[in-house]
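Trainee:
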Amino acid sequence: MENTIKRSPTTTINYTGGPIPDIVKKCYVQQQLPVRKQSLAAYSIRKRNFRPSSITKMPLHPPGNWIQEEDEFDFKDRPPSTVVCTEPVDPSQILDEEDSTTYLSTNYSEEMLIDDVDMDDQQREWRKASLSSDTVTIFQLNDIQTSSFLLKMQQKKQEQQKSIDAYYNKSIHNALLSQVASEFYRRISLATLTRDNIEYRDAFSGKEAINCLLSVLCIQDRKQALSIGRALGSQQFFHDVNYEHQLLDCERELYVFRHKKDDISTKDESQIIDLPQGVYTPFTNCYSITCTTQHPCYSFSCPKRKGLKRSMSQSSAHEKEEETNSLWIHSVPGSIVEATSSQEIKRQESIYELIYTERNFVRDLQYIDNFWIKPLLTNDIIAEDRREAFVEQVFWNIAEIESVNSKLSKALDQRQAESYLVSSIGDVMLRHICHFMPFVSYGAHQVIGKFYFELEKKRNPQFAQFVEETERKPQSRRLELNGYLTKPTTRLGRYNLLLREIFKRTPDDHPDKEAIPQVMGIITQYLVQVNAETGRRENLFNLEQIQERLSFKSPAEYADLQLQDPERQLLLKGRMKRKGNTSSESADLQVFLFDNYLVIAKIKHIDHLEVYRAFRKPIPLELLSVHITPNNNRQKRASSILPYSKSPNTSNNTIPKPSTSENGQATKSNNLSITFTHHGRRGAPPLTLYATSASNQQLWIKAIAEQQEKLEKKRCVFSILPMIKNHFTTANRVNNTVTLDSSNKKLLIGTDQGVYITNKDSETKKLTISRIVHLEKVSQIEVMPNSQLLVLADKTLWSFPLDILSPNAASQMKRGRSVSQNTAFFHVGECLSKTLVCVVKSNTLSATTIRVLEPVVVDEGKKIKSGFSIRRLVRGNPVGLKPYKDLYLPSEASSINLLKSKMCIASPKEIGVVDMKNFGVQALLDPEDENLSFVFSRADIKPITVYRIKFAEYLVCYNEFAFFVDQRGRFIPSSARIDWEGSPDSFALSYPYVLAFEPEFIEVRHVHTGHLEQIIRGKNIRCTSSNTHNSIIQCAMNDPENEGYQIVYQLERVVKT
């Protein structure tokens, strides 16, 4: 009598097969399921012998790019896996669909697969009603608790808003210089500007200063704004870059603040001493009650009296007197002037200016040596052990410059002494200009010297007193030391300005007509070197200071910023305010923008130095998005994220670019907020900070966007080739794609509403998309060569003939047959030189079943003679699926990988390896390997897949990390461990890169180094290709350019030249 197998969830069979096997008990105990004999009936009853089959095996050859593998894995003396195998199925046997509910024989025609849109309203209501909400419990507060809670929330919101308004909507008194200075500095835009071919960082023009003061004071008179601006400048709040004159309403004149903005930013009233002090009387009101604008009062100092005209004229007279003493016409006899043409007089005036300004420059350098360097080296102002080092850092090689320019000045004086009319100066300049290299070294070190000078003034009271006394001496000419220290750099830039004036007034047949352009060309080269070296040295110095002063809260917050990398750059830094109800919560935060990270830190002052502690974990720029929050409290992105390029030659634009409309809105509404979001598993909740001004807000957004764009071009490993756009809405989710030809003209797409096929006309390039299978919730599709189309829809696996791919196929050919129900997923791969289909069936009452099927071909002649029912085979297709092996897993299976002779099964706890030759099962990882403790000690991690990289090296991918193991499942110490930035749910391999997919971005990493090569950003990203049979990687995500639609694209390797 033949035994039969009945597997039906509705049938109860009494168990009479003896004791329950221990290995099966173990499976149920691990799942915490009751071990009942009746539930094990199907396991104990033996299968019946089927009649001889008319189906013979048809080997399906693997693709041509299949990699031949050696024998995998060598598990000796290893504990068994929790994966349990049954006895192998006899290849000569095949299940008939009439005896097994697993493989249904129901014919499935196109007419039966109706669309969702064809359902009537009653059916839709029934489907909605099928969702039960009985398990939802709502806890309601009583009225008193609710009102109290709402009142507290409202009060807190009002306090926060008051804190913000108090910081950004300050009302100032125009006469109080401290308030005007603070608001002026908060609003002025600083940038890197150029004058005389020299770059000045954090500078502003005179015209910009006047415009800003007009806005601060809410006036229209530019002369009044100029007056109060000069009042601020008289207290050294800011100064001309050359320390030569007061504030001028001019675009060409550049100014910089004496102190950095971070030093001026006040946290409390005690720091107001950093700002100018005083009352500007023209903006005050008269204390006399009878004083009016038309009739000023009796007081001579009444602010309504106009008394500035005389003082201005006196100042102008003094300046005119100085100008008179520096003219050539006053240094030669009048007869010489009368006998000289007007054009030559202008030329001589320009030459005279070059000579006397060179003489003054040398005198200034000698003043530095006599009144600063020598006293500091000889007197006990600075500790002896660091005296020479301090002088060297502050004054650097200024002595070399004095030596070079003294010789130049002496040569120019000698040329001037030869005659009242200087014949030429080009030859003199050519002889000495080649020795100007010390200017480059000095200019590059200048920012470092200024830092040590200011720091010593704060730390050493005796040095501060010496500085104050020296700057008050008549020889200082009321100019501070910083003004003298900048003269070498400004002098180099002024040479070309003076020589250009001489050149314009020189006759064409004069020797200087050829010599002066040569001199100007050499000086221009020096200026280029000064700007480049200054930027490089300043950047290096800033990185060194941050490296020393930056600390982290804990090792978990630490990130290797690689600040010692020669190519590392500090692009932008500044302070932003945090919203809060208390002073500590509203304290300023320091923000650093590097070329690879954004760092936000708290500020402390220790020994007159700022030290920083990271407020949040540093954010990689690839995982950073920036938002501007409108006043309606609805957060809106600064721009759309464009995470793909339209061609392989363009980079992946994954950075948000500032939106014009929002910038205008932010400016008009005085909304200065910037929200920083750190994407990924290691990220944190969005952080909103407030910039000091609208221009500063846009400066940060622009700098971040530009750097992210540079990184995308630099780190572009894969470009994105769009394949389908503006067709599939987000309601019809794209789940799987299969390429039918190498030219990508035909593509199968599995979506929630069926299976679609594309066809691109080779001439018109027009893409047509049509639905060929009307099934809902299609999650997987697979085309088996010369065999059939497998479709997994709503946990049911269907088989269709390949003729369905033809748009002209007859309707009777468009039929499908149910192969398996309750199917979680299936996998098609090559193992033992056979094409196998692994069907994973999940059941809440029993272990997970993995049924392995093998495609076989039907012998038409035997099929008629035998009584074998062929209804289980696809109609019109001579290929069927024969059971090859059944595997049982006590937990849920997440993925399957087929190797040459092994099957790797990933479950929530481990990865089991099944030997398909003898059906032995072992755990992939060796539990005795101490190097794998980081895996075994974690119960919250999930293995996902395994890739064979090369002989005896396997890449094991978890949802948090990936690592290499050898054939015995032991960790390879020489390999790199990869820690994912996100929480990937799927992977793809394109050697030597592994791609990790999560909904917000794709990580591209090098498998051997673990280095993060590229991040591709998007929304609702998923890998739609199986990446099993070929190296094609296809994905889908929400279209960033067309809201409500999805885009299907292909990742293509970028060939770098």
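Those letters in the sequence shown? Residues 47 to 1103, per the working numbering, in order.
Beta carbons are placed, not taken as given, at the ideal position from N, Cα and C, and that holds for glycine.
1) Here's a check: name, in chain order, each residue in its chain whose Cβ is nearer than 6 Å to the Cβ of V784, leaving out the five neighbours to either side.
2) List the DSSP bridge partners of M622.
3) Could I get the ranges of all uninterrupted alpha helix (DSSP H) runs contained in the region 925-990, with 4 residues as the minimum, in chain order?
4) Helix or strand or just coil, what does DSSP make of A712?
5) Kindly list the residues whose CB is nearer than 7 Å to the CB of C1081, restricted to its own chain and excluding five residues on each side of it in sequence; keep chain order.
6) In three-state DSSP terms, what is H724?
7) Report yes if the C-beta distance between Q564 and L476 is below 8 Å; otherwise report no.
8) Can you tell me which of P954, N1084, R1016 and H1052 puts its alpha carbon nearest to the alpha carbon of E1046?
9) Identify whether A410 lies in helix, strand or coil by the three-state DSSP scheme.
10) Whose C-alpha, out of N977, N542, R1099 and G1064, is nearest the C-alpha of V1040?
11) Can you grab the Cα-Cα spacing for the pair L259 / S372, in whole Å?
12) Give the DSSP-derived three-state secondary structure of Q225 in the structure shown.
13) With a 10 Å radius around its C-beta and 16 neighbouring C-beta atoms as the bar for buried, classify H654 as buried or exposed.
14) Count the other CB atoms within 10 Å of the CB of Q508; is the residue buried (16 or more) or exposed (fewer)?
15) Taking the continuous alpha helix (DSSP H) assigned at K748, which residues delimit it?
16) V837: which of P831, L821, S852 and D849 sits nearest, CA to CA?
17) Taking just the CA atoms, how far does P936 sit from R792?
18) Using a Cβ-based criterion (distance less than 7 Å to any ligand heavy atom), does F661 qualify as near the ligand COA?
19) Assign E1140 to one of three DSSP states: helix, strand, or coil.
20) Comparing alpha-carbon positions, which option in T991, I1018 and T1055 lies nearest D1031?
21) What residue from S1029, F417, T424 and R779 has the CA that sits closest to E515's CA?
22) On the criterion of 16 or more Cβ atoms from any shown chain inside 10 Å, does C296 qualify as buried, or is it exposed?
23) Between the alpha carbons of G529 and S1021, how many angstroms are there, rounded?
24) Please state if the CB of L531 and the CB of C581 are separated by a distance shorter than 8 Å.
25) Can you name the start and end residues of the beta strand (DSSP E) that H291 belongs to?
26) Candidates I335, T336, Q744 and H305: which alpha carbon is nearest P322's?
27) Suppose the cutoff is 8 Å on Cβ atoms and the five residues either side in sequence are ignored; what does the same chain contact list for N1088 look like?
28) Looking at the structure shown, is P901 part of a helix, part of a strand, or coil, going by DSSP?
29) When burial is assigned at 16 or more other CB atoms within 10 Å of the CB, is P98 buried or exposed?
30) Decide if F640 is buried, meaning its Cβ has at least 16 other Cβ atoms within 10 Å, or exposed.
31) Using C-beta distances below 8 Å, list every residue in its chain close to D410, excluding the 5 sequence neighbours before and after it, in chain order.
32) Should L543 be labelled buried (16 or more other beta-carbon atoms within 10 Å of its own) or exposed?
33) Among residues of its own chain, excluding the 5 on either side of G726, which ones have a beta-carbon nearer than 6 Å to its beta-carbon?
34) Would you tell me roughly how many angstroms separate the C-alpha atoms of A1034 and S833, rounded to the nearest one?
35) Grab the span of the alpha helix (DSSP H) containing E822 for me, first residue to last.
36) Is the beta carbon of I1018 sitting closer than 8 Å to the one on E1049?
Mentor: For this structure:
1) L794, I827 and V829
2) L635
3) 979-982
4) Only weak support exists for where A712 lies, its pLDDT of 42 falling under 50; the value from the coordinates is given anyway. In this structure, A712 counts as helix in the three-state DSSP scheme.
5) I1067, R1068, C1069, T1070, Y1095 and L1097
6) Looking at H724 - three-state DSSP - the assignment turns out to be strand.
7) yes
8) N1084
9) Position check: residue 410 holds Asp in this sequence, whereas Ala was assumed. In this structure, D410 counts as helix in the three-state DSSP scheme.
10) For V1040, the nearest C-alpha among the options comes from R1099.
11) 34 Å
12) helix
13) Exposed: under 16 other Cβ atoms inside 10 Å.
14) exposed
15) A740 to K760
16) L821
17) The residue you asked about is not Arg; residue 792 is Lys in the sequence shown. Rounded to the nearest whole angstrom, the CA to CA distance from K792 to P936 is 40 Å.
18) The ligand COA is absent from the structure shown, which contains no ligand whatsoever.
19) Nothing in the structure corresponds to residue 1140, since the chain is present only between 47 and 1103.
20) T991
21) The option with the nearest alpha carbon to E515 is F417.
22) exposed
23) 57 Å
24) Here the sequence assigns Gly to residue 581, which means Cys is not the residue at that position. No, Cβ-Cβ distance for G581 and L531 is not below 8 Å.
25) No beta strand (DSSP E) contains H291, which DSSP labels as neither H nor E.
26) H305
27) K771 and N772
28) strand
29) Low local confidence applies: a pLDDT of 37 at P98 is under 50, so the model's placement there is unreliable, and no value is given.
30) buried
31) Taken in chain order, the residues that qualify are Y530 and K533.
32) exposed
33) L669, E1027 and G1028
34) 26 Å
35) Premise fails: E822 is in no alpha helix (DSSP H) and is neither H nor E.
36) no
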